[in-house]
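Visitor: Quick note on the numbering used here: the sequence shown kicks off at 52 and runs consecutively.
For every residue, glycine included, the Cβ atom is placed at its ideal position computed from N, Cα and C.
Remember, it's a predicted structure, so these values are computed and weren't measured experimentally.
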Amino acid sequence: MKVLVVGSGGREHAICWKLAQSPKVDKLYCAPGNAGIAQLATCVDVKATDVDGMVAWARDNAMDFVVVAPDDPLALGMVDALEAAGIPAFGPRANAAVIEASKAFSKELMRRYHIPTAGYETFTDLDRALAYIEGHGAPIVVKADGLALGKGVVVAATVDEAKQAAREMMADKKFGASGSTVVIEDCMTGPEVTVLAFADGEHVRPMPASQDHKRAYDGNCGPNTGGMGAISPPPQYTPDIARRCMDEIFLPTIAALKAEGRPFQGVIYFGLMLTPDGPKVVEYNARFGDPECQAVLSLLDADLLDIFLACREGTLDQVDFRWKDQAACCLVLASGGYPLDYQKGYPISGLEDAGRSAMVFHAGTKSGEDGELLTNGGRVLGVTALGDTLEQAINNAYAAASLISFTGMHFRTDIGRAF
Ligand code: GLY
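(1) For residue 154, count neighbouring Cβ atoms within 10 angstroms of its own Cβ and tell me buried if that reaches 16, exposed if not.
(2) Below 7 Å CB to CB, which residues in the same chain sit around residue 91 once its five sequence neighbours on both sides are set aside?
(3) Just grab the DSSP bridge partners of residue 398 for me.
(4) Do residue 383 and residue 279 have their CB atoms nearer than 8 Å?
(5) At least one CB of chain B closer than 8 Å to the CB of residue 257: is that the case?
(6) Which residues count as close to the ligand GLY when the rule is a CB under 5 Å from any of its heavy atoms, in chain order?
(7) Taking the beta carbon of residue 200 as the centre, do at least 16 other beta carbons fall within 10 Å, making it buried, or is it exposed?
(8) Report the partner residues of residue 410 according to the DSSP bridge assignment.
(9) May I ask you to verify whether the stretch 112-120 touches the stretch 137-150, counting CB pairs closer than 8 Å and requiring at least 3?
(10) Less than 8 Å between the CB atoms is what I'm expecting for residue 220 and residue 192, so what's the real figure, rounded?
(11) On the DSSP bridge list, what partners appear for residue 262?
(12) For residue 121, which option in 242, 240, 162, 342 has the closest C-alpha, if you only look at C-alpha atoms?
(13) Of all the alpha helix (DSSP H) runs that stay within the bounds of the stretch 106-173, which reach a length of 4 or more residues?
(14) What residue range does the alpha helix (DSSP H) around residue 445 cover?
(15) For residue 402 versus residue 424, is the C-beta spacing smaller than 8 Å?
(16) Residue 258 to residue 62, Cα distance in whole Å?
(17) Checking the sheet assignment: what are the DSSP bridge partners for residue 275?
(18) Are residue 184 and residue 214 touching if we call contact CB-CB under 8 Å?
(19) Who are the near neighbours of residue 177 in its chain, counting only those whose CB is closer than 6 Å to its CB and skipping five residues on each side?
(20) Which same chain residues, not among the five before or five after residue 170, have their C-beta less than 8 Å away from its C-beta?
(21) With DSSP as the reference, identify every bridge partner of residue 81, one or two as the case may be.
(22) Which residue spans inside the stretch 309-365 form an unbroken alpha helix (DSSP H) run of at least 4?
(23) Residue range of the beta strand (DSSP E) that residue 237 falls in?
(24) Excluding sequence positions up to five away, which residues of its chain have a Cβ less than 7 Å from the Cβ of residue 420?
(25) Under 8 Å, do residue 247 and residue 340 count as touching if we go by C-beta distance?
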C-alpha cells in the first residue's frame with residue numbers, strides 16, 4: 052500500500068517509524084515531514100493545513116491510505132475531504148474532532164452524559180465572565196474554547212490573574228477567534244495522566260497510560276510548552292483506576308459521540324486528573340498526544356497499519372495487538388529559550404551514537420545545504436528509551452540524550468521524577 056502521513060513533528064516521526072515496519076506498507080510518504088522522517092519516508096512539500104492541496108496530492112499520487120495526525124487539519128475536515136474524494140483516511144471527521152476544537156462542546160457533552168469532569172460555565176460576554184470569576188474566587192481555570200497551540204489554558208492562582216486571562220482571550224483576542232468563547236472551570240487537584248485510545252466509532256481500546264511534563268523547567272516550573280517529556284506507564288495509573296476510567300469515562304465518551312451522530316474513529320486523547328473524588332476528564336483531544344505518542348508507540352508490539360485500518364472499518368474489537376511489558380521514557384531536547392524566543396539553524400551532533408540505545412524522533416530538524424542536520428524548531432528531538440522498569444527507561448533515555456548536543460540545547464533533568 053502507498054501510505055501518506057500528514058504532519059511534521061516527533062509524533063509523526065514515531066507514527067512513520069511504526070508504519071515503516073508494516074509488511075503491508077510498500078511506500079511511505081509524509082507531508083511535510085522533517086529531516087528524520089525523510090530517512091523513512093518520502094517527504095512531500097504540502098502544508099499539513101492545506102486540505103485541498105493534500106487531497107489533490109493524495110489523489111494525483113494514488114495514495115491507498117492517509118493518516119491525518121495533527122489537530123488543525125482534523126478540525127478543518129481533512130478526513131472528510133479525503134474520504135469524499137474516495138481516499139481512505141485515518142482520523143476523526145470534523146464533527147467528531149470538535150471534541151478538541153471546541154472545549155465548550157466537549158464540556159457540554161460531558162455534562163449531558165454524566166462523564167466526570169470539573170464544574171464549569173461557558174461565556175461569550177467578557178463582563179459576565181469577569182463577574183463569574185469575582186463570585187467564584189480562585190484558584191480557577193480559564194480556557195479558550197478553540198485550538199490555541201496548547202497555550203489557551205490558564206490555571207489562575209488569583210482572581211486578578213483569571214480576569215487578566217479572560218480579558219486577553221476575549222477582548223485582546225490573544226488567540227484570535229479561539230478565545231471569543233471561554234470556558235471557566237473549577238480547579239481540580241491530583242496527578243495528571245494521559246490515556247490515548249484507539250476508537251472505531253463503537254469500540255475503544257486504550258493504549259498504556261502515559262504522563263506528559265508540560266512545563267519548560269525542572270520541578271514543573273516555567274511556562275507551558277507542547278510537552279518536555281513523557282513516560283509510560285505512570286505508576287499512579289493503577290489497574291483499579293484503569294477499570295474506573297474505562298467504565299466511567301472511555302466507554303461513555305465513545306457511546307455519547309455515537310449517540311450524537313458523531314462517531315469517533317481515530318485516536319482519542321483522554322487528559323485525566325486522578326482527583327481525590329476519582330478520575331475526571333481535564334480535556335479531550337482528537338489525536339495522538341505529543342510527546343506521549345513517542346513513548347507509547349515505542350511499546351507497541353503489533354502492526355500499526357492493521358490497527359488504523361480496523362479503526363476505519365469498525366473492526367477494532369477483532370484485531371489482536373499487544374504491548375511490550377516494559378516502560379518507556381521520552382525526553383524532549385529543545386532549543387534554548389523555548390517556548391519563548393529561540394534561535395534555530397544550529398548543527399546537531401551525536402545522533403548516531405544515541406540511536407544505538409534509543410529511538411531518536413525528530414520534531415524540529417532540517418537538512419542543511421551540505422546535508423548536515425540542523426535545528427529547525429522549539430522542540431528539536433525526542434529521545435525515547437525502553438527499560439524493564441520505569442527507572443531503567445528513564446536512565447537509558449538520559450544516557451542516550453547525553454550523547455547529543457547542539458548550541459543552546461535545553462532539556463528537563465527530572466522527567467519521570469517530578470511528582
Ligand atoms: N502533550 C500534550 C498534547 O499533545 O496535547
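Guide: This is what the structure gives:
(1) buried
(2) 67, 68, 71, 79
(3) 425
(4) yes
(5) In the displayed structure, chain B is absent; only one protein chain is listed.
(6) 263, 278, 340, 341
(7) When all chains shown are included, residue 200 counts as exposed.
(8) 435
(9) yes
(10) About 12 Å; that fails the 8 Å criterion.
(11) Residue 262 pairs with 282.
(12) With distances taken between Cα atoms, residue 121 lies closest to 342.
(13) 122-126, 129-135, 145-152, 154-163
(14) Counting along the chain, the unbroken alpha helix (DSSP H) around residue 445 starts and ends at 441-452.
(15) In this structure, residue 424 lies closer than 8 Å to residue 402 by Cβ.
(16) 15 Å
(17) 266
(18) yes
(19) 221, 222
(20) 236, 237
(21) 56, 94
(22) DSSP runs (the alpha helix (DSSP H)) wholly in the stretch 309-365: 343-348, 355-364.
(23) Taken as a continuous stretch (DSSP letters only), the beta strand (DSSP E) holding residue 237 covers 233-237.
(24) none
(25) yes
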